[in-house]
Amino acid sequence: MRTKVVIIGGGPSGLLLSKLLSLEGIDNIVLEKQSREYVIGRVRAGVLENGTIEMLRLAGVSDRLEKEGFQHNGIFLSFRNHGFRIDLKGLTDKNVTVYGQTEITKDLYDSIEKENGIIINNAKDVLPHEINSKNPFVTFKKDGLEKKITCDFIAGCDGYYGISRSIIPKEVINTYERVYPFGWLGILSETPPVSEELIYANHGNGFALASMRNKNLSRYYIQTKLEDNIDNWSDIKFWEELKKRLPSNVADTIITGPSIEKSIAPLRSFVCEPMSWKKLYLVGDAAHIVPPTGAKGLNLAVSDVYYLYNAMKNFYLLDTTDDLKMYSTRALSRVWKSIRFSWWMTTTFHKFPEQSSFDQRIQDSELEYLENSIASQTVLSENYVGLPF
Ligand code: RFL
Ligand code: PHB
582 MRTKVVIIGG
592 GPSGLLLSKL
602 LSLEGIDNIV
612 LEKQSREYVI
622 GRVRAGVLEN
632 GTIEMLRLAG
642 VSDRLEKEGF
652 QHNGIFLSFR
662 NHGFRIDLKG
672 LTDKNVTVYG
682 QTEITKDLYD
692 SIEKENGIII
702 NNAKDVLPHE
712 INSKNPFVTF
722 KKDGLEKKIT
732 CDFIAGCDGY
742 YGISRSIIPK
752 EVINTYERVY
762 PFGWLGILSE
772 TPPVSEELIY
782 ANHGNGFALA
792 SMRNKNLSRY
802 YIQTKLEDNI
812 DNWSDIKFWE
822 ELKKRLPSNV
832 ADTIITGPSI
842 EKSIAPLRSF
852 VCEPMSWKKL
862 YLVGDAAHIV
872 PPTGAKGLNL
882 AVSDVYYLYN
892 AMKNFYLLDT
902 TDDLKMYSTR
912 ALSRVWKSIR
922 FSWWMTTTFH
932 KFPEQSSFDQ
942 RIQDSELEYL
952 ENSIASQTVL
962 SENYVGLPF
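Numbering (this note's numbering), first residue to last: 582 to 970.
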């Protein structure tokens with residue numbers, strides 16, 4: 582088999598790249614190790630920047646998003662048992678959209694399949710070869726049979742634990758990492774959200790976040806110990822702890838119910854430089870990870886796709902490699918700004934194990950400053966709604 586671009590990983594970045602390339606007539610094949618149901622079932626991101634929406638529109642997969650997504654013009658921050666609002670729209674003239682990653686992935690799958698794009702699910706032992714040659718190829722197993730696809734380029738869209746990054750020789754790569762000493766316990770429950778806008782809470786017991794998917798589907802998170810286990814968290818215990826961490830006037834109005842999903846995610850900042858090597862281009866979580874506090878992971882994956890899609894388009898349609906050569910530099914410049922913002926949100930809102938009363942006072946004064954300074958609120962808003970591509 583031969584194609585122009587083999588895309589390893591059928592998460593949001595791989596699927597979006599595939600759809601955009603196909604619209605330009607650039608053949609590609611997506612190799613995804615999991616089943617379609619598994620990929621769509623993963624509950625993850627919920628907050629989309631306008632740039633992300635633009636890209637989904639360009640890919641022709643925004644119809645449902647535009648009908649069912651919720652426009653949010655602000656967010657609430659809380660500390661010392663009271664909340665204040667950041668007017669994202671008033672400060673930046675932009676807003677964010679709440680629409681689940683699961684829905685985006687489903688829309689992309691449906692659209693690619695409708696247009697006869699090729700996604701090979703349950704592709705096992707995927708391995709890129711001869712990246713440095715004119716004809717790189719990828720091998721994999723499907724239903725026990727060995728397969729090989731020769732191509733011009735390989736896009737590594739296979740997430741943090743994927744195979745693609747590990748193909749780049751160690752001496753070429755630099756990695757930068759911060760592992761946070763806590764995780765997020767998240768639940769999904771079929772209850773009305775406690776607030777029309779998201780609430781990010783700093784509390785002595787740890788961070789909490791009140792988010793949502795729709796009018797009868799809430800998503801809540803609390804900071805937990807890294808080594809914690811979901812078996813230690815009955816629904817009752819979760820709701821009790823969440824209520825403690827939100828301002829009491831909000832906590833009093835929470836409608837609780839059984840969780841329909843519950844999981845713990847570790848928090849990490851990670852960047853791999855460069856994001857490309859020879860004919861291999863890393864995209865999204867394969868190249869970088871942010872803690873979810875700034876709601877940036879999926880949005881960053883989409884801005885990587887923007888740079889790579891344009892570079893590949895210019896290669897095939899205008900016969901220039903200039904933008905491919907610049908891919909890593911352009912993508913990294915935006916990546917680092919989101920890494921910084923997500924690190925700042927994480928450090929400002931979470932309780933660290935070794936946190937002293939001095940550190941707590943610094944966090945309080947940071948939040949007090951934010952509450953009273955339009956300049957500080959503008960900095961946060963500009964980053965939260967998304968920096969330009
Ligand atoms: P993904 O989604 O991890 O997809 C990678 C795909 O590659 C497949 N794969 C392989 N396929 C073939 N061969 C191999 N060897 C393979 N190895 C892996 C995997 O099965 C998978 O299908 O990466 P991608 O596409 O780069 O997308 C990144 C986003 O998923 C991620 O950044 C976001 O979910 C992060 N994130 C958030 N981002 C936001 O922008 N806004 C948010 O509000 C937000 N909230 C979150 C989040 C992530 C969270 N968790 C669980 C980490 C909230 C949470 C709790
Ligand atoms: C979510 O709804 O899953 C969500 C929202 C905002 C974040 C992280 C996750 O910062």
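We put the beta carbon where it would ideally sit given N, CA and C, even for glycine.
Give the straight-line distance between the Cα atoms of Glu684 and Phe939, rounded to the nearest whole angstrom. Numbered from its first residue, the sequence shown carries residue 684 at position 103. Numbered from its first residue, the sequence shown carries residue 939 at position 358. Glu684 and Phe939: Cα-Cα distance of roughly 43 Å.
May I ask you to verify whether the region 633-649 touches the region 684-701, counting CB pairs closer than 8 Å and requiring at least 3? yes
Any 3 or more C-beta pairs closer than 8 Å across the region 957-966 and the region 929-936: no
Where do the N-terminal and C-terminal ends of the beta strand (DSSP E) with Asn795 fall, by residue? By 1-based counting over the sequence shown, the position of residue 795 is 214. That run of the beta strand (DSSP E) goes 789-795.
Given a cut-off of 9 Å, decide if Ser850 and Val871 are closer than it, judged by their beta-carbon atoms. Position 290 of the sequence shown holds residue 871. Position 269 of the sequence shown holds residue 850. Result yes, Cβ atoms of Val871 and Ser850 sit closer than 9 Å.
State buried or exposed for Val864, treating a residue as buried only when at least 16 other CB atoms are found within 10 Å of its CB. The residue given as residue 864 occupies position 283 in the sequence shown. Val864 comes out buried.
Taking C-beta to C-beta, are Ala626 and Ala876 nearer than 9 Å? Mapped onto the sequence shown, residue 626 falls at position 45. Mapped onto the sequence shown, residue 876 falls at position 295. Yes, Cβ-Cβ distance for Ala626 and Ala876 is below 9 Å.
So Lys670 packs on Asn676, CB below 8 Å; how close in whole Å? Residue 670 sits at position 89 when you count from the first residue of the sequence shown. Residue 676 sits at position 95 when you count from the first residue of the sequence shown. Yes, Lys670 and Asn676 are in contact; Cβ-Cβ is about 5 Å, under 8 Å.
Just to confirm the assignment, what range does the beta strand (DSSP E) spanning Val707 have? One-based indexing of the sequence shown puts residue 707 at position 126. Where Val707 is concerned, the enclosing beta strand (DSSP E) stretches over 705-710.
So Ser954 is in the beta strand (DSSP E); what residue range does that whole segment cover? As a working note, residue 954 is residue 373 in the sequence shown. Premise fails: Ser954 is in no beta strand (DSSP E) and is neither H nor E.
Residue interval of the alpha helix (DSSP H) (run including Lys614): Here residue 614 refers to the residue found at position 33 when the sequence shown is read from its first residue. Segment: none, Lys614 is in no alpha helix (DSSP H) and carries neither H nor E.
Just curious, the beta strand (DSSP E) that Asn755 is in, first and last residue? Numbered from its first residue, the sequence shown carries residue 755 at position 174. Residues 755-770.
Is Ser962 a contact residue of the ligand PHB, with contact defined as CB to any heavy atom under 8 Å? Stepping through the sequence shown from its first residue, residue 962 is reached at position 381. No, Cβ of Ser962 sits at least 8 Å from all heavy atoms of the ligand PHB.
Tell me the rounded alpha-carbon separation between Met636 and Leu598. Taking the sequence shown and counting its residues from 1, one reaches residue 636 at position 55. Taking the sequence shown and counting its residues from 1, one reaches residue 598 at position 17. Taking the straight line from one Cα to the other gives about 10 Å.
Proximity winner among Gly650, Leu646, Lys648, Val679, relative to Ile656 (alpha-carbon distances): Taking the sequence shown and counting its residues from 1, one reaches residue 656 at position 75. Nearest option by C-alpha distance: Val679.
CA-CA distance, Lys687 and Gly650? The residue labelled residue 687 in the question sits at position 106 within the sequence shown. The residue labelled residue 650 in the question sits at position 69 within the sequence shown. Distance between the alpha carbons of Lys687 and Gly650 is about 14 Å.
Segment limits, beta strand (DSSP E) that includes Ala782: Taking the sequence shown and counting its residues from 1, one reaches residue 782 at position 201. From DSSP, the beta strand (DSSP E) with Ala782 extends over 780-782.
Short of 6 Å in beta carbon distance, which residues of its chain neighbour Ser909, apart from the five on each side in sequence? Order them along the chain. Within the sequence shown, the letter at position 328 stands for residue 909. So the qualifying residues of the chain are Pro855, Met856, Ser857.
Less than 8 Å between the CB atoms is what I'm expecting for Ile749 and Val611, so what's the real figure, rounded? As a working mapping, residue 749 is identified with position 168 in the sequence shown. As a working mapping, residue 611 is identified with position 30 in the sequence shown. About 21 Å; that fails the 8 Å criterion.
Own chain, CB closer than 6 Å to Thr837, minus 5 neighbours either side, in chain order: Against the sequence shown, residue 837 aligns to sequence position 256. Answer for Thr837: Trp820, listed in chain order.
Once DSSP output is grouped into helix, strand and coil, what is the label at Glu842? Numbered from its first residue, the sequence shown carries residue 842 at position 261. Residue state, collapsed to three classes: strand.
Option nearest Lys648 by Cα separation, candidates Gly622, Gly743, Asn795, Asp812: Position 67 of the sequence shown, counting from 1, holds the residue named residue 648. Per the Cα distances, Asn795.
Proximity test, Asp688 beta-carbon vs the ligand RFL heavy atom, cut-off 8 Å: By 1-based counting over the sequence shown, the position of residue 688 is 107. No, the beta carbon of Asp688 sits no closer than 8 Å to any heavy atom of the ligand RFL.
Straight-line CA distance for Pro828 to Arg623? As a working mapping, residue 828 is identified with position 247 in the sequence shown. As a working mapping, residue 623 is identified with position 42 in the sequence shown. Whole-angstrom Cα-Cα distance: 30 Å.
Pro873 beta carbon near the ligand PHB (any heavy atom closer than 8 Å): Counted from its first residue, the sequence shown places residue 873 at position 292. It does: the Cβ of Pro873 is within 8 Å (strictly closer) of some heavy atom of the ligand PHB.
Looking at the strands, I want to know which residues DSSP matches up with Gly737. In the sequence shown, counting from the first residue as 1, residue 737 sits at position 156. Gly737 pairs with Ile589, Leu863.
State yes or no: is the C-beta of Gly767 nearer than 8 Å to some heavy atom of the ligand PHB? Translated into positions along the sequence shown, residue 767 becomes position 186. Yes - the ligand PHB has a heavy atom lying nearer than 8 Å to the Cβ of Gly767.
Using the beta-carbon count (16 or more within 10 Å), is Ile529 buried or exposed? Because the chain spans 582 through 970 in this model, residue 529 falls outside it and cannot be assessed.
Any chance the region 884-893 sits against the region 745-763, with 3 or more Cβ pairs inside 8 Å? no
Which of helix, strand or coil DSSP assigns to Leu968: As a first step, residue 968 must be located in the sequence shown, where it is residue number 387. Residue state, collapsed to three classes: coil.
Cutting at 8 Å between CB atoms, please list the residues of its own chain near Tyr887, excluding the five before and the five after it. Here residue 887 refers to the residue found at position 306 of the sequence shown. Closer than 8 Å at the Cβ level, and outside the excluded window around Tyr887, lie Gly632, Met636, Phe970.
Does the distance from the C-beta atom of Glu842 to that of Gly740 stay below 9 Å? Stepping through the sequence shown from its first residue, residue 842 is reached at position 261. Stepping through the sequence shown from its first residue, residue 740 is reached at position 159. No, they are not a contact pair.
Do Ser792 and Ser770 have their CB atoms nearer than 9 Å? Taking the first residue of the sequence shown as position 1, residue 792 is located at position 211. Taking the first residue of the sequence shown as position 1, residue 770 is located at position 189. No, these two residues do not count as a Cβ contact at 9 Å.
By a C-beta neighbour count over all protein chains shown, 10 Å radius and 16 as the cutoff for buried, is Val753 buried or exposed? What you label residue 753 is simply residue 172 of the sequence shown in a count that begins at 1. Answer is exposed; the Cβ neighbour count stays below 16.
What residues are listed by DSSP as bridge partners for Gly664? On the sequence shown, residue 664 is found 83 positions in, with the first residue counted as 1. Note: Gly664 sits in a beta bridge opposite Ser659.
For Val883, the first and last residue of its enclosing alpha helix (DSSP H): As a first step, residue 883 is located in the sequence shown; it is residue number 302 there, counting from the start. 878-899 is the span of the alpha helix (DSSP H), which, as asked, contains Val883.
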